Each structure stands twice: as C-alpha cells, then as structure tokens.
Amino acid sequence: AGWSTTTAPLTPSFRMEDLPAEVQPVIMSLLPLKEAVRTSIVSRSWRTLWRFHCNLCFDGPNDPDSDTDDEFAGQDSTKMKRAKFIETVNSVIQQHSGIGVNKFSIRCGLPKEDSHHLDRWISFATSLKAKIIHFDLIIIDWPLEEVHHFPLEALDAQGGSFVQSLFLAAVSIPHSGIRGLTILRRLVLESVQIFGDFPGLLAKCSALEDLEIIDCSGVTNLSIPHKLDKLRHLLIDSSTTDIEVVELHAADLAHFEYKGRVIPIVLHGCSKLEKATIMFVDTKALAHTFTAVPSILPVRILHVQAIISKYAQV
Numbered sequence: 005a006g007w008s009t010t011t012a013p014l015t016p017s018f019r020m021e022d023l024p025a026e027v028q029p030v031i032m033s034l035l036p037l038k039e040a041v042r043t044s045i046v047s048r049s050w051r052t053l054w055r056f057h058c059n060l061c062f063d064g065p066n067d068p069d070s071d072t073d074d075e076f077a078g079q080d081s082t083k084m085k086r087a088k089f090i091e092t093v094n095s096v097i098q099q100h101s102g103i104g105v106n107k108f109s110i111r112c113g114l115p116k117e118d119s120h121h122l123d124r125w126i127s128f129a130t131s132l133k134a135k136i137i138h139f140d141l142i143i144i145d146w147p148l149e150e151v152h153h154f155p156l157e158a159l160d161a162q163g164g165s166f167v168q169s170l171f172l173a174a175v176s177i178p179h180s181g182i183r184g185l186t187i188l189r190r191l192v193l194e195s196v197q198i199f200g201d202f203p204g205l206l207a208k209c210s211a212l213e214d215l216e217i218i219d220c221s222g223v224t225n226l227s228i229p230h231k232l233d234k235l236r237h238l239l240i241d242s243s244t245t246d247i248e249v250v251e252l253h254a255a256d257l258a259h260f261e262y263k264g265r266v267i268p269i270v271l272h273g274c275s276k277l278e279k280a281t282i283m284f285v286d287t288k289a290l291a292h293t294f295t296a297v298p299s300i301l302p303v304r305i306l307h308v309q310a311i312i313s314k315y316a317q318v
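Going left to right, the sequence shown walks through residues 5 to 318 as our numbering numbers them.
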C-alpha cells in the first residue's frame, strides 16, 4: 500500500493593516506609549499608527542616580536623563496627530528653569481636551516656594469644561477666576500650595464625586460646600499641614477618611455616610477620639486610630 499525504490549508496571516482604519489606533493604544512608538520600525504601514495613541503617559527621572557613589556625578547623570526626558516628551507631542487624546500624564521632578516646557505640555493637553490630566512634579527643589504654578484657567478656556479627572502634585494653584470645571468627577491634590478661595473653587466643580487633599498648604478652615451634592468619597491627609477645622456639607457623602492632627471635624447633614476612617496623629489623640467620634455619627462602619508617641503623656 502506498502512502497518502494531505496538506493542511494555510491560515491567512494576521496583518494590522487589514483591520479597519478606525480600529488600528484602538489596538495600538492597548500598548504602553513607549512600546507603541517602537512599533514604528516594524513596517512602513505601522510608522504613523502610534501617533493616534490615546494615553500619553510619561515617567521621568526623579532621584539622583543611585548607580554612583559620587554625589555630583549622580546629579549630572540625573540632569542628562531629565534633558533626554524633556526631549522625548516634546518630540512625541510634536509628532502626535492631536486626535483622540484621553489621558495626558507627566511624572517627573522639574527644576524651576524648565517651567516653559511645563507650560507647553499643559497647553498641549488642554488644547486637545484630554479627559484625564495628571501632573506629578515630584519635589526636587527646596524651598517649596519654587514650585510651578498650574494655570487652572487653562482647563476651561477651550470653549467649555472637558476634564473629568485631575491629579496635581507639587505645584501651586493661584487664585483663579475660572467659570467652573462642570464635568470634573475626580480631583486629587498632593503637596499643592493653594491660594485664594478654595471652597469657592470647589463649588464650581459641581459634578465632583471623589476628592483627595493630601499634605496641601494654604488652607486652614477646610469647608466642603453643599453644592458638592454628588461627592461620594473624601480623603484628607493633613499630617504636615495647617488645617485647623474641617466642615462637610456634602449630602451624598458615603466614605470619609481623615489623617492628621487633632482638629474639629463637623458634618452637616451627611446622612448617607456609610464608612468613616479617622486616624489622629497627636499627643492628645487618644483622649480626643472620645470627643470627636460622636460628631461623625451615625455611620455604618467606623474605624478610629490614635497614633501617639510612646514618650507622650496620655
């Protein structure tokens, strides 16, 4: 008997360029930006796909180079890496299509002399109406008076509010006459210098659902206005700041977290509060828990911690 052979049918190879044009950028955006840019060398048809990436996230050098014991050599190395980072960001935003940007994120320590680059990046993100804007300018210069100013007015100067999530760290936000960030749902401020009428600013963010204020300066009496009737989660970490009193008027507040010195916390009409987490860091923390907790009740779940030094007198 002879041998008979059969040949399996060949499966057509998958090619990105065979997909609909509107689908290709969506698939490319599933890759991290750095990897997406690298695909430009795969073929001529892939060369421009990354330019439609919807999430532009850049992480730069933050600390002195740890690969050397020479402090000055480490600083020089970090400066070179930072210069390369700035060059990369500028190159990407220059070549990007400017279409469909969902998120723009910068995480890098920048010295004051590089403010013009920051201004350019903010202008780029706002001109394209990115829904998520994240600027974490890790502190590398002291004193803190040298932090960058973030122009909030740029966020509603493009024909209406567009930002839905805003994260700012190690910047200052001067008093601003903004009309309002009417669709902003999440706001995180960390190590931010706040100037002007902060409750007035919050009142212009009427869609806010999540608010986090972490080690910010410039606010002593923190009042959450009643106009934030959609606010569900509030976190305040004032361990190193000067907040003296917290007053809440948010009717829909469901989850409240506080960490810091012993201060009055007053809740006005927060009848939907489900969970509260309180952590007092003070020599009088233990005694104050018994006077502060009743003002937060009623609440379904309550976590209270009192952190005191073992050398403190209770």
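Ideal placement from N, C-alpha and C gives every residue a C-beta, glycine not left out.
The model shown is predicted, which means the values in this text are computed figures rather than measured ones.
Proximal residues to K135 (C-beta, below 6 Å), its chain only, five neighbours per side dropped
The sequence position of residue 135 within the sequence shown is 131, counting from 1. If we look at K135 and ignore the five residues flanking it on each side, its Cβ neighbours are N106, Q168.
Starting from the N-terminal side, write out each stretch of the beta strand (DSSP E) that is 3 residues or longer and does not extend beyond the region 226-259.
Those beta strand (DSSP E) runs which fall completely within the region 226-259 and span 3+ residues are 237-242, 249-252.
Taking three-plus beta-carbon pairs below 8 Å as touching, is the region 210-227 in contact with the region 178-197?
Because the criterion of three Cβ pairs below 8 Å is met, the region 210-227 and the region 178-197 touch.
Tell me the DSSP bridge mates of R111?
Position 107 of the sequence shown holds residue 111. According to DSSP, R111 bridges with D63, D140.
Grab me the residues of F171's own chain with a C-beta within less than 6 Å of its C-beta, minus the 5 sequence neighbours each way, in chain order.
Residue 171 sits at position 167 when you count from the first residue of the sequence shown. Correct list, in chain order: H138, V192.
Is S70 helix, strand or coil when you go by DSSP?
Taking the first residue of the sequence shown as 1, we reach residue 70 at position 66. Confidence in S70 is poor, its pLDDT being 48 and thus under 50, which makes the residue's placement too unreliable to answer from.
State the Cα-Cα distance for the pair I182 and H152, rounded to the nearest angstrom.
Here the question's residue 182 lines up with position 178 in the sequence shown. Here the question's residue 152 lines up with position 148 in the sequence shown. Approximately 19 Å, taken between the alpha carbons.
Minimum C-alpha distance to F108 - residue among Q309, L37, S165
As a working note, residue 108 is residue 104 in the sequence shown. Here the closest residue by C-alpha is L37.
According to DSSP, simplified to helix, strand and coil, what is F154?
Position 150 of the sequence shown holds residue 154. Note: F154 maps to coil in three-state DSSP.
Is N87 buried or exposed, if buried means 16 or more other CB atoms sit within 10 Å of its CB?
Translated into positions along the sequence shown, residue 87 becomes position 83. Checking the displayed sequence, the identity of residue 87 turns out to be Ala instead of Asn. With fewer than 16 other Cβ atoms within 10 Å, it is exposed.
Tell me the DSSP secondary structure of F171 in three-state form.
What you label residue 171 is simply residue 167 of the sequence shown in a count that begins at 1. The answer is strand: DSSP assigns F171 an E or B state.
Reduced DSSP category for E194 - H, G, I as helix; E, B as strand; rest coil
Reading the sequence shown from its first residue, position 190 is the one you call residue 194. Three-state DSSP puts E194 in a strand.
Among the residues of its own chain, which have a CB less than 7 Å from the CB of P203, if the five just before and after it don't count?
Taking the first residue of the sequence shown as position 1, residue 203 is located at position 199. So the list reads S227, P229, once near-sequence residues are dropped.
Where does S275 fall in DSSP's three states?
On the sequence shown, residue 275 is found 271 positions in, with the first residue counted as 1. The answer is coil: DSSP assigns S275 none of H, G, I, E or B.
Helix, strand or coil at G264 according to DSSP, with G and I counted as helix
Along the sequence shown, read from residue 1 onward, the residue named residue 264 stands at position 260. Three-state result, G264: strand.
Considering just the uninterrupted stretch of the alpha helix (DSSP H) at H120, what are its terminal residues?
Along the sequence shown, read from residue 1 onward, the residue named residue 120 stands at position 116. Looking at the DSSP string, the run of the alpha helix (DSSP H) that includes H120 is 119-131.
Leaving out the 5 sequence neighbours to the left and right, which residues in its chain are closer than 6 Å to E91 when beta-carbon positions are compared?
On the sequence shown, residue 91 is found 87 positions in, with the first residue counted as 1. For E91, where only same-chain residues beyond five positions count, there are no Cβ hits under 6 Å.
Span of the alpha helix (DSSP H) holding V27?
To locate residue 27, count along the sequence shown from 1; it is residue 23. That residue, V27, is in no alpha helix (DSSP H); it is neither H nor E in DSSP.
C-alpha distance - T186 paired with L205, whole-angstrom precision
Position 182 of the sequence shown, counted from the start, is the residue given in the question as residue 186. Position 201 of the sequence shown, counted from the start, is the residue given in the question as residue 205. Taken atom to atom, the span from the alpha-carbon of T186 to that of L205 is near 11 Å.
How about I126 and F56: are their beta carbons less than 8 Å apart?
Your numbering for residue 126 matches position 122 in the sequence shown. Your numbering for residue 56 matches position 52 in the sequence shown. F56 sits away from I126, with the two beta carbons spaced by 8 Å or more.
Quick check: the Cα distance between S242 and G200, rounded to an integer number of angstroms?
Position 238 of the sequence shown, counting from 1, holds the residue named residue 242. Position 196 of the sequence shown, counting from 1, holds the residue named residue 200. Distance between the alpha carbons of S242 and G200: 19 Å.
What is the C-beta distance between K279 and I305, in whole angstroms, given that I count them as a contact (C-beta under 8 Å)?
Locating residue 279 in the sequence shown gives position 275, counting from the first residue. Locating residue 305 in the sequence shown gives position 301, counting from the first residue. Confirmed, about 4 Å.
Leaving out five residues before and five after T63 in sequence, what residues of the same chain have Cβ atoms less than 6 Å from its Cβ?
Numbered from 1 along the sequence shown, position 59 holds the residue referred to as residue 63. What sits at residue 63 in the sequence shown is Asp, not Thr. So the qualifying residues of the chain are R111.
Quick one: Cα of F260 to Cα of Q309, how far?
Taking the sequence shown and counting its residues from 1, the one referred to as residue 260 is at position 256. Taking the sequence shown and counting its residues from 1, the one referred to as residue 309 is at position 305. C-alpha separation (whole angstroms): 14 Å.
Taking D160 as the reference, which of A40, E117, A129, K116 has the closest Cα?
Working through the sequence shown from its first residue, we reach residue 160 at position 156. Per the Cα distances, A129.
Alpha-carbon to alpha-carbon, E39 and R51:
Taking the first residue of the sequence shown as position 1, residue 51 is located at position 47. Taking the first residue of the sequence shown as position 1, residue 39 is located at position 35. Going from the Cα of R51 to the Cα of E39 covers about 13 Å.
Go through its chain and collect everything with a Cβ distance to A211's Cβ below 7 Å, but skip five positions before and after it.
On the sequence shown, residue 211 is found 207 positions in, with the first residue counted as 1. Answer for A211: T186, I187, L188, R189, K234, listed in chain order.
Pick from T43, D123, E150 that is closest to L156, judged by C-alpha positions
If you number the sequence shown from 1, residue 156 lands on position 152. Of the listed residues, the one whose Cα sits closest to L156 is D123.
Where do the ends of the alpha helix (DSSP H) carrying L206 lie?
Here residue 206 is taken as the residue at index 202 of the sequence shown, counted from 1. Start and end: 202-207.
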